[in-house]
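Remarks on the structure that follows.
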Amino acid sequence: MNKFITKKKVTYIIFSLVIFSFFQGFYYDENSAGGKGDITWILNNIEIFKNNKLKDAILDDGFYGNRTPLVYIINNLLNPFFYEYEKYRITVFLFSLIGPIFIYLCLKNRFPKTNKELIVLLSSIILLSPYYRTSAYWALNENYGLVTSLISLLFLNLYLENIRI
Numbered sequence: 020m021n022k023f024i025t026k027k028k029v030t031y032i033i034f035s036l037v038i039f040s041f042f043q044g045f046y047y048d049e050n051s052a053g054g055k056g057d058i059t060w061i062l063n064n065i066e067i068f069k070n071n072k073l074k075d076a077i078l079d080d081g082f083y084g085n086r087t088p089l090v091y092i093i094n095n096l097l098n099p100f101f102y103e104y105e106k107y108r109i110t111v112f113l114f115s116l117i118g119p120i121f122i123y124l125c126l127k128n129r130f131p132k133t134n135k136e137l138i139v140l141l142s143s144i145i146l147l148s149p150y151y152r153t154s155a156y157w158a159l160n161e162n163y164g165l166v167t168s169l170i171s172l173l174f175l176n177l178y179l180e181n182i183r184i
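Going letter by letter, the sequence shown gives residues 20 to 184 in my numbering.
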């Protein structure tokens, strides 16, 4: 390979392109897996939580979704941008950027002798998934579950590693 172009540089160029693609998809409102169609009921659910007390919002007949209301409850309590949909979309998008970080940490913990550049590339693959991208762009609930599962997996690996010692 050319002395100016190393494997490390190629890896980081590819990683940068993946990150750029992820941001560009958000900017252009990419809808590769059909998540944009869920806006109507997501906005309705946000309005229900905005206009009602927590218990009343959960029990409201107009609440619709294919998931439990836990994500709405957590966002209602912790996310100051929950009631402004565009800002809420941005927070879900930024939260989704945590996914590759935890994939990297899980892989690095599980395979400590593996080349770090390879682990960086592998961890960024999730950002190319149409399903993950659409969930990030349109404030769907799925990425919360994926990221928390990755965090749990990381802590499980750390726990199991400590037991072996």
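Glycine included, C-beta positions come from ideal geometry on N, C-alpha and C.
Keep in mind the model is a prediction, meaning the values are calculated, not measured.
Secondary structure within the region 76–157: the alpha helix (DSSP H) runs of 4 or more consecutive residues, fully enclosed, are 89–97, 104–115, 117–129, 135–143 and 149–156 (chain order). In the same chain as leucine 62, and ignoring 5 residues on each side of it, the C-beta atoms closer than 7 Å to its own belong to Tyr104, in chain order. Glycine 164 sits in a helix when the DSSP states are folded into three classes.
The criterion of a C-beta distance shorter than 8 Å is not satisfied by isoleucine 170 and serine 142. Inter-segment contact for the region 49–58 and the region 153–161 is present: three or more beta-carbon pairs are separated by less than 8 Å. Residues Phe112 and Tyr156 of the same chain have their beta carbon placed closer than 6 Å to that of phenylalanine 45, with the five preceding and five following residues left out of the count.
In the structure shown, the three-state DSSP call for leucine 159 is coil. Burial state of proline 99 is exposed, judged by a 10 Å Cβ sphere holding fewer than 16 other Cβ atoms. Residues Asn63 and Ile67 of the same chain have their beta carbon placed closer than 7 Å to that of glycine 81, with the five preceding and five following residues left out of the count. Collapsing the DSSP output to three states places threonine 25 in coil. When Thr59, Ile182, Leu89 and Pro131 are compared, the shortest CA-CA separation from leucine 73 is found for Leu89. With respect to the 8 Å criterion, lysine 26 and glutamate 180 are not classified as neighbours on the basis of their beta carbons.
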